[in-house]
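Chemist:
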Amino acid sequence: MSDDAADKVEPASQGKKERAKKKGDVPVSQEANTAAALAGFVLALAFAAAGAAGFSKLLRGFLLHPEEASTALLEGGMTGKLSVEAMLFLVPLAAVPGIAVILALGLQQSIVFAPQRIKPSIDKISPLKNAGKKFGPQALLEFAKNSLKAVVLSIVSGIFLWIEANRVALQIPEGRNILAVLLMRELLLFVGIAFAVSAVFALIDIPIVRAQREKRLKMSHQETKDERKDSEGDQDLKAKRRMKAQEIANQRMMEDVKTADVLLMNPTHYAVALKWDRSGEDLPKCVAKGTDEVALRLRAAASEAGVPVREDPPSARSLHATVGVGEAIKPEHFAAVAAAIRFADRIRALRRRG
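So the sequence shown is residues 2 to 355, counted in this note's numbering.
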C-alpha cells in the first residue's frame with residue numbers, strides 16, 4: 002500500500018506522536034507566544050510605571066541642571082540612586098516577557114530538547130525543500146494570518162491614537178512636566194490593546210496548530226498495521242521475558258526451600274517456606290512461596306530434603322498474601338510461626354530418635 006498523503010487517513014498513534022516530539026515536532030502556537038510576551042510586557046510596564054516617575058525626575062534634573070548632575074556623578078552621590086532607578090525601570094521590561102513566553106510554551110507542552118533540530122542536514126540548505134516551506138500551503142496560511150493580524154492591529158492602533166492624542170495634549174498642565182508619566186500610561190494602554198488582539202488570534206490559532214500537527218502525523222493503513230504488529234511483538238517479547246524471569250525465580254525457590262526449617266501448606270493451593278536464625282537475633286523469613294502447581298513442587302522439594310511440612314491453611318494463606326520472598330514475618334504471624342517452629346522441632350526430634 003502506498004504511503005502517499007492521500008492514503009494517510011488513520012489518526013497518529015501515541016508512539017508516533019512521542020517519536021515526533023523527540024524530533025522537535027510539537028504544536029507551538031506563535032500567536033500564543035506573542036500574546037504571552039505582550040501580557041508579560043503589560044505586567045512589566047505596570048511594575049515599571051512606579052519607577053517611571055522617579056527615573057523621569059532624575060533625567061529631567063540632568064537636562065535642566067547638567068553642571069550639578071555632572072558634579073554629583075563625579076563625586077559618586079548620584080551613581081547609586083541612578084542605577085537603582087534604572088534597574089527598577091528596565092529589568093522588569095526585559096525579564097517578565099521572557100518568563101511569560103516560557104510559561105506559554107510550558108502550558109502548550111511544547112518545551113522539548115531535540116538535538117536533531119540543530120543537527121546539520123542537507124535538507125536545511127536544499128533549495129527545493131526551502132521553496133516548499135516558503136511557498137507551501139503552511140507558509141501561505143501563516144502569511145494570510147499575519148496579514149490579517151497586521152490589518153486589525155493597524156485599524157485598532159489608528160483608532161486608539163486618534164482618540165488618545167488630543168486627550169494627552171489636554172492633560173499636560175502649563176508649567177508641569179508630567180509627559181513621561183502620561184506617555185507611560187498611554188504605552189500601557191496601547192500594549193494592553195495589542196495583547197487583547199493577540200489573545201483573540203491565539204485562541205483561534207492554538208486549535209489550528211494542533212489540528213495541523215494531527216493531520217501532518219496521520220498514518221496510512223499499512224503504517225498502522227506495522228506499528229500494531231511491532232507493539233504486539235514487543236508485548237510478546239516482554240511476556241516471554243517475564244515468564245523466563247519467573248522460571249528462574251521458581252528454580253531458585255526450589256533450591257531455597259531445601260534450606261528452610263518448615264513448610265506451611267494449604268494443603269495444595271498455598272505453600273510458604275520459612276527459615277529462622279536459631280540464635281534468635283533475627284525474625285523468621287520467607288525463603289520461598291507459591292500457589293497451585295508451584296506449591297506442589299515446593300512440597301515435593303521440601304519432602305525430598307527432609308523439611309517438615311505442616312498443614313495450616315489460614316496461616317499459609319495469610320503469610321502468602323502479606324510476606325514476600327526474603328522478607329521477615331509480620332507481628333500478627335508470631336503465634337502461628339511459633340507453633341510451626343515447635344512442630345518442626347518435634348518432627349526433627351522424632352526423626353533423631355527413630
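We put the beta carbon where it would ideally sit given N, CA and C, even for glycine.
Indicate whether the contact test is met: 3 or more Cβ pairs, each with one atom in the region 336-345 and one in the region 294-307, closer than 8 Å.
Modeler: no
Chemist: Is DSSP giving residue 239 helix, strand or coil here?
Modeler: Here residue 239 refers to the residue found at position 238 when the sequence shown is read from its first residue. The answer is helix: DSSP assigns residue 239 an H, G or I state.
Chemist: Please state if the CB of residue 98 and the CB of residue 47 are separated by a distance shorter than 8 Å.
Modeler: Here residue 47 is taken as the residue at index 46 of the sequence shown, counted from 1. Here residue 98 is taken as the residue at index 97 of the sequence shown, counted from 1. Cβ distance not < 8 Å, so residue 47 and residue 98 don't count as in contact.
Chemist: Whose CA, out of 323, 189 and 162, lies closest to the CA of residue 43?
Modeler: The sequence position of residue 43 within the sequence shown is 42, counting from 1. Answer by Cα proximity: 189.
Chemist: How would you write the range of the alpha helix (DSSP H) that residue 17 sits in, first residue to last?
Modeler: The residue you call residue 17 lines up with position 16 of the sequence shown. 15-23 is the span of the alpha helix (DSSP H), which, as asked, contains residue 17.
Chemist: Should the region 217-225 be called in touch with the region 263-271, which here means at least 3 C-beta pairs below 8 Å?
Modeler: no
Chemist: Given that a residue counts as buried once 16 or more other Cβ atoms are within 10 Å of its Cβ, and exposed if not, what is residue 9?
Modeler: By 1-based counting over the sequence shown, the position of residue 9 is 8. Its Cβ being crowded by 16 or more others within 10 Å, residue 9 is buried.
Chemist: Looking only at DSSP bridge pairs, what is residue 359 linked to?
Modeler: Residue 359 cannot be examined here, being either before or after the span of the chain that is shown, 2 to 355.
Chemist: Using three-state DSSP, classify residue 353 as helix, strand or coil.
Modeler: Counting from one through the sequence shown, the residue named residue 353 turns up at place 352. Three-state result, residue 353: helix.
Chemist: Ordered along the chain, which non-local residues of its own chain (more than five positions away) have a Cβ less than 7 Å from that of residue 18?
Modeler: Within the sequence shown, numbered from 1, the residue matching residue 18 stands at position 17. Hits under 7 Å: 218.
Chemist: Using the Cβ count rule (16 or more neighbours within 10 Å means buried), how would you classify residue 16?
Modeler: Locating residue 16 in the sequence shown gives position 15, counting from the first residue. Answer is exposed; the Cβ neighbour count stays below 16.
Chemist: Which one of 334, 106 and 166 has the shortest CA to CA distance from residue 186?
Modeler: Numbered from 1 along the sequence shown, position 185 holds the residue referred to as residue 186. Shortest Cα-Cα distance from residue 186 to any of 334, 106 and 166 involves 166.
Chemist: Which residue comes first and which comes last in the alpha helix (DSSP H) that contains residue 318?
Modeler: If you number the sequence shown from 1, residue 318 lands on position 317. From DSSP, the alpha helix (DSSP H) with residue 318 extends over 314-323.
Chemist: Decide if residue 176 is buried, meaning its Cβ has at least 16 other Cβ atoms within 10 Å, or exposed.
Modeler: Translated into positions along the sequence shown, residue 176 becomes position 175. Caution is warranted here: a pLDDT of 44 is assigned to residue 176, below 50, making its placement in the model unreliable, and no coordinate value can be reported.
Chemist: With the cut-off set at 8 Å, would you say residue 33 and residue 205 are in Cβ contact?
Modeler: One-based indexing of the sequence shown puts residue 33 at position 32. One-based indexing of the sequence shown puts residue 205 at position 204. No, they are not a contact pair.
Chemist: Can you tell me which of the three DSSP states residue 218 falls into?
Modeler: Locating residue 218 in the sequence shown gives position 217, counting from the first residue. Coil.
Chemist: What does a CB cutoff of less than 8 Å around residue 259 pick up in its chain, not counting 5 residues either side in sequence?
Modeler: Along the sequence shown, read from residue 1 onward, the residue named residue 259 stands at position 258. Only 302, 303, 305, 306 and 308 meet the Cβ criterion.
Chemist: Might you give, ordered along the chain, the residues of its own chain that have their beta carbon closer than 7 Å to the beta carbon of residue 356, omitting 5 neighbours on each side?
Modeler: Outside the modelled stretch of the chain, which goes from 2 to 355, sits residue 356, for which no answer is possible.
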